[in-house]
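Trainee: Before we start, here is the structure in question, set down as structure tokens.
In UniProt numbering, the protein residues as written are 1 to 637.
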């Protein structure tokens with residue numbers, strides 16, 4: 001007879017999480033590292049009690065903001081190449097609702113994370129309970145129904161025995177490379193504390209195997225045929241290539257066949273920047289070298305990419321008269337994009353199978369790959385060594401922002417430091433194995449174009465959702481994943497104001513992170529967007545009621561939390577601050593005042609945004625006409 005063990009639902013949950021293992025290429029280790037929590041009336045007496053009594057091996061970390069701690073969990077899993085996760089739990093109502101944005105971030109990036117939002121009472125005895133929503137149409141709807149749109153798996157547990165099937169399905173989704181993403185299990189707060197006689201076998205060690213799927217012979221032969229028929233194929237390295245750990249296979253194929261590599265935001269640092277055939281980021285935020293190569297391509301080989309609008313320049317990057325597409329992906333939906341020839345399989349396994357089948361094949365790029373790389377290096381050096389001048393940047397893109405306005409900012413902020421110069425200075429002066437984290441604003445453009453990773457998997461850009469506020473929570477998650485490496489959060493003042501609470505968590509748990517705060521007193525990226533499309537500078541700058549530029553002392557904010565802080569408004573000050581910060585044991589923040597409009601700009605790319613069709617402004621009318629002209633080059637499927 002099957003042995004039983006009497007546990008509350010929450011105790012059963014924690015016991016189960018401790019017994020989940022993953023096996024990747026023969027290496028076996030626990031899948032769930034720990035659980036982030038902010039306790040409230042919906043989970044403190046259920047999950048909180050279970051963790052206090054017996055957490056097992058789980059690391060229990062107290063968050064400060066539900067979204068922030070969930071972002072840390074997402075970043076941890078992303079940095080661990082989706083092979084380990086943290087769970088996150090919050091109270092019913094607003095506490096759980098705060099995690100929805102982070103769940104969407106995980107969904108967009110295909111990152112597994114277990115989300116455990118507390119729910120209302122299954123019995124409905126005390127309804128409406130504190131923080132409960134009441135819907136006239138249904139008593140069954142709660143705040144947590146909002147997670148359905150941002151979860152790869154969603155369930156509500158209202159009986160203790162329901163937990164078993166729900167957890168098994170959730171872990172199947174999270175450990176499947178084709179479906180990986182957030183799993184949300186909403187547990188009614190009375191159910192968390194309710195006891196049940198569980199089968200003891202449910203808590204046995206369970207191993208989830210990550211099997212590397214190989215495409216069919218038909219797919220492999222079709223892929224080889226298309227490559228051999230092409231003269232200038234280009235490989236787009238997506239996040240799937242990084243998660244597959246396909247670095248060496250990419251290098252081997254690229255060297256053997258002289259195929260250039262270009263990178264998506266998620267794929268960057270799969271292969272280090274100094275590899276001869278790596279031309280860097282592609283698309284709206286891409287390098288000149290990568291975008292020129294893409295324009296010449298007669299075959300695009302997309303490996304583990306979703307082809308977002310920033311990767312494809314809103315589907316205008318390619319010459320559709322000559323370019324064909326071939327996609328390698330574990331997910332059929334992604335492989336079908338651009339009506340491509342599909343190879344459904346693991347990136348590493350597929351590339352290793354293709355390499356011997358392409359023996360003797362060479363592209364016609366020849367020395368052009370190195371020429372493109374050299375040309376881009378000249379431009380990168382120009383951006384690094386730039387001087388305080390409007391002419392240093394593209395006057396067309398900088399719109400109506402005058403030299404006088406730059407002077408106003410220089411006086412108000414007390415700086416003439418250029419963002420590109422500051423950015424590359426950081427790249428040049430941190431340890432080569434440092435991990436850099438970013439997500440939103442203008443910094444992702446500098447990241448994708450200008451940051452040269454010297455070590456694989458040291459570039460962590462969340463651009464699937466480009467979520468403002470991810471950067472500092474994300475840096476904490478990365479530090480938990482890579483404790484021996486320095487971690488740098490690249491964050492603008494706008495994103496810092498959105499969410500920086502997990503800096504306190506990093507200080508609390510002695511997880512050193514370094515925050516590089518670029519302050520241009522505004523939402524500079526969106527200010528650029530409105531001005532380059534004909535609008536004026538409207539409500540994107542940080543100005544006070546007297547229309548004066550605000551100069552906020554962010555270093556004091558971090559100092560108040562207990563961080564070591566620096567102020568660096570010149571290259572010399574920044575180099576000195578970086579050197580000292582590297583020797584600190586606690587978290588640091590370097591406040592860098594930079595001039596607006598001094599970030600890097602686009603290179604032979606275009607982004608489709610909604611420009612007004614009707615306006616009294618001639619500049620907006622002209623911007624609309626430009627967008628319509630570009631759309632004629634675009635594909636719609």
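Don't be surprised by glycine CBs; every beta carbon is placed ideally from N, CA and C.
1) Can you say whether residue 417 is buried or exposed, counting buried as having 16 or more other CB atoms within 10 angstroms of its CB?
2) Only counting the same chain, and skipping five residues up and downstream in sequence, which positions put a Cβ closer than 6 Å to that of residue 487?
3) Would you say residue 425 and residue 571 are within 7 Å of each other, going by their C-beta atoms?
4) Curious, which full-length beta strand (DSSP E) runs of at least 3 residues does the stretch 57-131 contain?
5) What three-state label does DSSP hand residue 234 in the structure shown?
6) Determine, using beta carbons only, whether residue 297 and residue 267 come nearer to each other than 7 Å.
7) Determine the closest residue to residue 198 out of 519, 550, 7 and 249, with distance taken between C-alpha atoms.
8) Report the rounded CA-to-CA distance for residue 157 versus residue 363, giving the unit in angstroms.
9) Could you check if residue 148 is buried or exposed, using at least 16 other CB atoms within 10 Å of its CB as the buried criterion?
10) How many angstroms separate the CA atom of residue 538 from the CA atom of residue 102?
11) So, helix, strand or coil for residue 693, using DSSP?
12) Would DSSP call residue 371 helix, strand or coil?
13) Less than 7 Å between the C-beta atoms of residue 190 and residue 123, yes or no?
14) Alpha carbon to alpha carbon, what distance is there between residue 410 and residue 595?
15) Using DSSP bridges, identify the partner residues of residue 376.
16) Give me the Cα-Cα distance between residue 629 and residue 293, rounded to the nearest whole angstrom.
17) Skipping 5 residues on each side, what residues in its chain have a beta carbon closer than 7 Å to that of residue 128?
18) DSSP beta-bridge partners for residue 183?
19) Please list the terminal residues of the continuous alpha helix (DSSP H) segment that includes residue 296.
20) Can you tell which of 634, 65 and 114 has the C-alpha that lies nearest to the C-alpha of residue 472?
21) Between residue 566 and residue 519, which are expected to be in contact by the criterion C-beta below 8 Å, what is the C-beta distance as a whole number of angstroms?
22) Since residue 481 and residue 516 are thought to touch, with beta carbons under 8 Å apart, how far apart are those beta carbons, to the nearest angstrom?
23) Roughly how many angstroms separate the alpha carbons of residue 221 and residue 214, rounded to a whole number?
24) Quick one: is the Cβ of residue 228 within less than 6 Å of any heavy atom of the ligand ZN?
25) Quick check on residue 489: does DSSP put it in helix, strand or coil?
26) From which residue to which residue does the beta strand (DSSP E) around residue 206 run?
27) Can you tell me whether residue 437 is buried or exposed? The criterion is at least 16 other CB atoms within 10 Å of its CB, across all chains shown.
28) Give a yes or no on whether the C-beta atoms belonging to residue 522 and residue 109 are separated by under 7 Å.
29) If we call anything under 7 Å between Cβ atoms a contact, is residue 284 one with residue 587?
30) For residue 180, is the classification buried or exposed, using 16 other Cβ atoms within 10 angstroms of its Cβ as the cut-off for buried?
31) The alpha helix (DSSP H) with residue 189 in it runs from where to where?
32) If I'm right that residue 207 touches residue 23 with Cβ under 8 Å, what's the distance once you round it to whole angstroms?
33) Which value, in whole angstroms, describes the spacing of the CA atoms of residue 15 and residue 47?
34) Let me check understanding here. Comparing Cα to Cα, which of 5, 634 and 1 lies closest to residue 321?
35) Assuming residue 86 contacts residue 113 (C-beta within less than 8 Å), just tell me the rounded distance between them.
36) Per DSSP, residue 224 is paired with what?
Mentor: Considering the structure as presented:
1) Reading the chain shown from its first residue, position 417 is the one you call residue 417. It is buried - the Cβ of residue 417 has at least 16 other Cβ atoms within 10 Å.
2) Looking up residue 487 in the chain shown gives position 487. Hits under 6 Å: 435, 475, 478, 479 and 513.
3) Here the question's residue 425 lines up with position 425 in the chain shown. Here the question's residue 571 lines up with position 571 in the chain shown. In this structure, residue 425 places its C-beta atom within 7 Å of the C-beta atom of residue 571.
4) Within the stretch 57-131, the complete beta strand (DSSP E) runs of at least 3 residues fall at 59-62, 85-90 and 113-119.
5) Along the chain shown, one-based indexing puts residue 234 at 234. Strand.
6) As a first step, residue 297 is located in the chain shown; it is residue number 297 there, counting from the start. As a first step, residue 267 is located in the chain shown; it is residue number 267 there, counting from the start. In this structure, residue 297 sits away from residue 267, with a CB-CB distance that is not shorter than 7 Å.
7) For this step, residue 198 is matched to residue 198 along the chain shown. Per the Cα distances, 7.
8) Within the chain shown, residue 157 is the residue found at index 157, counting from 1. Within the chain shown, residue 363 is the residue found at index 363, counting from 1. About 56 Å.
9) Counted from its first residue, the chain shown places residue 148 at position 148. So residue 148 counts as exposed.
10) As a working mapping, residue 538 is identified with position 538 in the chain shown. As a working mapping, residue 102 is identified with position 102 in the chain shown. Inter-residue distance for residue 538 and residue 102 is about 29 Å (C-alpha atoms, whole angstroms).
11) Limits of the chain in this structure are 1 at one end and 637 at the other, which puts residue 693 out of reach.
12) On the chain shown, residue 371 is found 371 positions in, with the first residue counted as 1. Of the three classes helix, strand and coil, the one that applies to residue 371 here is helix, per DSSP.
13) Numbered from its first residue, the chain shown carries residue 190 at position 190. Numbered from its first residue, the chain shown carries residue 123 at position 123. A contact, by the Cβ cut-off of 7 Å.
14) If you number the chain shown from 1, residue 595 lands on position 595. If you number the chain shown from 1, residue 410 lands on position 410. Approximately 7 Å between the Cα atoms of the pair.
15) Within the chain shown, numbered from 1, the residue matching residue 376 stands at position 376. Listed as beta-bridge partners of residue 376 by DSSP are no residues whatsoever.
16) Here residue 629 refers to the residue found at position 629 of the chain shown. Here residue 293 refers to the residue found at position 293 of the chain shown. Across the structure, residue 629 and residue 293 are spaced so that their CA atoms are roughly 23 Å apart.
17) Within the chain shown, the letter at position 128 stands for residue 128. Contacts found: 134.
18) Here residue 183 corresponds to residue number 183 of the chain shown, with the count starting at 1. Beta-bridge pairing links residue 183 to 114 and 153.
19) For this step, residue 296 is matched to residue 296 along the chain shown. Per DSSP, the continuous alpha helix (DSSP H) segment holding residue 296 begins and ends at 288-296.
20) By one-based count along the chain shown, residue 472 stands at place 472. Nearest C-alpha to residue 472: 65.
21) The count along the chain shown starts at 1 and reaches residue 566 at position 566. The count along the chain shown starts at 1 and reaches residue 519 at position 519. 13 Å between Cβ atoms; not a contact.
22) The residue given as residue 481 occupies position 481 in the chain shown. The residue given as residue 516 occupies position 516 in the chain shown. Actually they do not touch by this definition, with Cβ atoms about 19 Å apart.
23) Walking along the chain shown from the start, residue 221 turns up at place 221. Walking along the chain shown from the start, residue 214 turns up at place 214. Residue 221 and residue 214 have their alpha carbons spaced roughly 13 Å apart.
24) Within the structure as shown, the ligand ZN is missing, as the structure has no ligands at all.
25) To locate residue 489, count along the chain shown from 1; it is residue 489. In this structure, DSSP gives residue 489 an extended state, which the three-state scheme calls strand.
26) Taking the first residue of the chain shown as position 1, residue 206 is located at position 206. Residues 206-210.
27) The sequence position of residue 437 within the chain shown is 437, counting from 1. Around the beta-carbon of residue 437, 16 or more other beta-carbon atoms lie within 10 Å, marking it buried.
28) Here residue 522 corresponds to residue number 522 of the chain shown, with the count starting at 1. Here residue 109 corresponds to residue number 109 of the chain shown, with the count starting at 1. If you check the CB distance, residue 522 and residue 109 do not come in under 7 Å.
29) For the purposes of this step, residue 284 is taken as residue 284 along the chain shown, with counting starting at 1. For the purposes of this step, residue 587 is taken as residue 587 along the chain shown, with counting starting at 1. In this structure, the beta-carbon distance from residue 284 to residue 587 does not fall below 7 Å.
30) Stepping through the chain shown from its first residue, residue 180 is reached at position 180. Counting every other CB atom within 10 Å of its CB across the protein chains shown gives residue 180 a total of 16 or more, marking it as buried.
31) Working through the chain shown from its first residue, we reach residue 189 at position 189. Counted as a single uninterrupted DSSP element, the alpha helix (DSSP H) harbouring residue 189 occupies residues 189-193.
32) As a position in the chain shown, residue 207 is number 207, starting the count at 1. As a position in the chain shown, residue 23 is number 23, starting the count at 1. That belief holds up - the Cβ atoms of residue 207 and residue 23 are roughly 5 Å apart, short of 8 Å.
33) Taking the first residue of the chain shown as 1, we reach residue 15 at position 15. Taking the first residue of the chain shown as 1, we reach residue 47 at position 47. Each residue's alpha carbon lies about 11 Å from the other.
34) For the purposes of this step, residue 321 is taken as residue 321 along the chain shown, with counting starting at 1. The shortest C-alpha separation from residue 321 is found at 634.
35) As a first step, residue 86 is located in the chain shown; it is residue number 86 there, counting from the start. As a first step, residue 113 is located in the chain shown; it is residue number 113 there, counting from the start. Confirmed, about 7 Å.
36) Looking up residue 224 in the chain shown gives position 224. Assignment of beta-bridge partners to residue 224 by DSSP yields no partner.
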